[in-house]
Each structure stands twice: as structure tokens, then as C-alpha cells.
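The block underneath contains the structure these notes are about, expressed in C-alpha cells.
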Amino acid sequence: MSATLHYFAEYEAQAQALAEALDVRAAAVSVHAFPDGESLVRVTPASGTALLVRSLDNPNTKLLEVVLAGAALHANGADRVVLVAPYLGYMRQDKAFNPGEAISQGVIGRIIDEFFDALVTVDPHLHRTPELQSVVPKIMAVTVSAADTIAAAIRPTVSRDTLLVGPDAESLPWVAQVAAPLGLEFIVGEKVRRADRKVTIAFPQAPCARGRPVMLVDDLISSGGTLIACADLLRRAGAISIAAVASHCLAGAADLAALRSAGIDPVLATDTVPGPSASISMAFPLAEALHSNGLA
Ligand code: R5P
Numbered sequence: 008m009s010a011t012l013h014y015f016a017e018y019e020a021q022a023q024a025l026a027e028a029l030d031v032r033a034a035a036v037s038v039h040a041f042p043d044g045e046s047l048v049r050v051t052p053a054s055g056t057a058l059l060v061r062s063l064d065n066p067n068t069k070l071l072e073v074v075l076a077g078a079a080l081h082a083n084g085a086d087r088v089v090l091v092a093p094y095l096g097y098m099r100q101d102k103a104f105n106p107g108e109a110i111s112q113g114v115i116g117r118i119i120d121e122f123f124d125a126l127v128t129v130d131p132h133l134h135r136t137p138e139l140q141s142v143v144p145k146i147m148a149v150t151v152s153a154a155d156t157i158a159a160a161i162r163p164t165v166s167r168d169t170l171l172v173g174p175d176a177e178s179l180p181w182v183a184q185v186a187a188p189l190g191l192e193f194i195v196g197e198k199v200r201r202a203d204r205k206v207t208i209a210f211p212q213a214p215c216a217r218g219r220p221v222m223l224v225d226d227l228i229s230s231g232g233t234l235i236a237c238a239d240l241l242r243r244a245g246a247i248s249i250a251a252v253a254s255h256c257l258a259g260a261a262d263l264a265a266l267r268s269a270g271i272d273p274v275l276a277t278d279t280v281p282g283p284s285a286s287i288s289m290a291f292p293l294a295e296a297l298h299s300n301g302l303a
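According to this note's numbering, the sequence shown is numbered sequentially starting from 8.
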């Protein structure tokens, strides 16, 4: 089945790289913002498979526009519409932690299930949900791991002595997958989140950081509070330098500056979310996943 790729303006560079890796035509989705805040979304006609590419960081408006574009692609010739959301927001709220809270992951999953024929994303932030497929049970769900791409990207910057560090038990799969091809030692901490920007971390194995370069590895950098708490402890344990790498970096300019002030340098991430840290391209792993799953 032929494929075309449709992208929103803020993701043009990544979308063009993906279109090139797939050797498909790329077309922009145009968005007109009405003075009252509504969005008018317009797509170019499609046929066969339409790949709709947009990361869902800051998702409140983006998600609605993506749904409108998905519906427009179906109405304008696409036989199937694949949502390629390299970063997929709203996945962390997978239960009501307090009475009355919406279970965002389930609600967003139902919306995607309804408007798309397949979902492709990179390292979704799933905690208690074992796999992406159970978030969108009616359509094909494809998870692309950034671990090998991250390992290849940091290989020139690490030495045999570099210690990879994950903040908590949840980061263990990412740290282990990045460490394996590099043959590096890794440890993980024990984290308790107290508030949006406040975490407490313990590293029972911190002494092994003494005299060594450290690379923090996590799936997500949001406020940066987690990495700053890690850096503090590891520096006190004797680490000689601290860098960080993540699948997704959502941190804004002020939070990135705070990470640098905490001595974490460089902060690297894949390009799932546009920004100054987004130096590691996911175009080829995404293209490979789309091909191998018959989606492009
Ligand atoms: C937690 O589950 C994630 O893996 C990250 O550690 C967390 O989301 C980072 O958030 P922040 O940068 O705001 O501390």
C-alpha cells in the first residue's frame, strides 16, 4: 500500500527526516487559529496509508488538532491513518491516585483507538500498564525503543570507566538496555516523588561512583528535578563528571539552565521532542519499525 506522511509545522525537521528514511512524500498539515482559540485543520488529499506525524508533548491543543487531522485524512482518501507520535503524552496517569481523578491514559487511549488505525511511539511512559497495546486495544500498537540509538550516540563520549545511573527501579530497563551494547556498569536509585518538582532519591551503591564519570539515563526529563537530585548525590559520592541522556526531554529553557547549573553537562536526548537537547535522530528506528510492521 502506498504511503504519504503528514506533519505539523513544529515537527517539520524530524518529519522530513522520517519521510526521507521511508522514501515517501511529506506534506504539511495547515492549522489556522481563529481569534476565539479554535483550530481549523486542513490536510492535503491522501491515498493508501497516511502517516500522521506529531509528538504529543504539551498535548492539550496538539491532541485535538491531531484528531481533527486524522478524521480529515480519512475523509480525504486515506485507507488507513497511522498516528506516529514519537512522544506520547498523558501516559503516566494510569490510575486514580486520589478520589475523583481522571485516568488520563485510558481516556486518551480510547480517543486514539477511535480515530486512528495504528499507533507508533517511542518509549512510552508506562508504569503499571505492561504494554502499549492495552492502552489502544482496538488498533495496532508499535513501541520503538530508543535504547540502541542512544547507546550508539553516546558511545564516542563514554569511557570503559563510565558509570550509567538510573534514578529509580522504573528506569532499570532503559539503563540496562543502553548499558548492554556498551558493556558498561550501571546502578539504579530509589526515588520517592514528593511533589511535581520535589523528589527524594537514595543510591545505596553510590560509593561506586567515586572517581568516575557518570552518565544519568532516564526515559523522560520533565522538570529536571529528578536528575538534579541524582547529580547532587553522585557528586557528593565522588563522581568526577555528570552527563545525562534521555529518550524524551520536555524541559524548557529555565529547567535546562537549572540542569546545567547543577553541573549536568551535556544533557542529551532523542529528537522525539524538539528542543536544544534533541540531538539524537529517531528517523531510522521509526522508519524500520513502520516498515517491519507493514505500516509504510
Ligand atoms: C519517572 O517515572 C520518569 O522516569 C522520570 O524520572 C520523571 O518523569 C522525570 O521528571 P522530572 O524531570 O520532573 O523530575
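Ideal placement from N, C-alpha and C gives every residue a C-beta, glycine not left out. Source: prediction; values computed, not measured.
- Around the beta carbon of Leu-47, a 10 Å sphere encloses fewer than 16 other beta carbons of the protein chains shown; the residue is thus reported as exposed.
- Residue burial annotation: Ser-62 is buried, with at least 16 other C-beta atoms found within 10 angstroms of its C-beta.
- Distances taken from the Cβ of Ile-228 to the heavy atoms of the ligand R5P include one shorter than 6 angstroms.
- For Met-289 and Val-60, the gap between their C-alpha atoms comes out near 13 angstroms.
- When DSSP assignments are scanned along the region 216-271, the uninterrupted stretches of alpha helix (DSSP H) that are 4 or more residues long and fall wholly within it turn out to be 232-243, 260-268.
- Between the ligand R5P and the CB of Pro-174, the shortest heavy atom gap is smaller than 6 angstroms.
- For the ligand R5P, no non-hydrogen atom lies closer than 6 angstroms to the CB of Thr-11.
- In this structure Phe-122 is buried. Its beta-carbon is surrounded by 16 or more other beta-carbon atoms within 10 angstroms.
- Less than 7 angstroms separates the beta-carbon of Arg-219 from that of Leu-170.
- The C-beta separation of Val-151 from Leu-293 comes to about 6 angstroms, placing the pair in contact by the 8 angstroms criterion.
- In the displayed model, Ser-284 falls within coil according to three-state DSSP, outside both helix and strand.
- Proximity of the beta carbon of Thr-233 to the ligand R5P is indicated: a heavy atom of the ligand is located closer than 6 angstroms.
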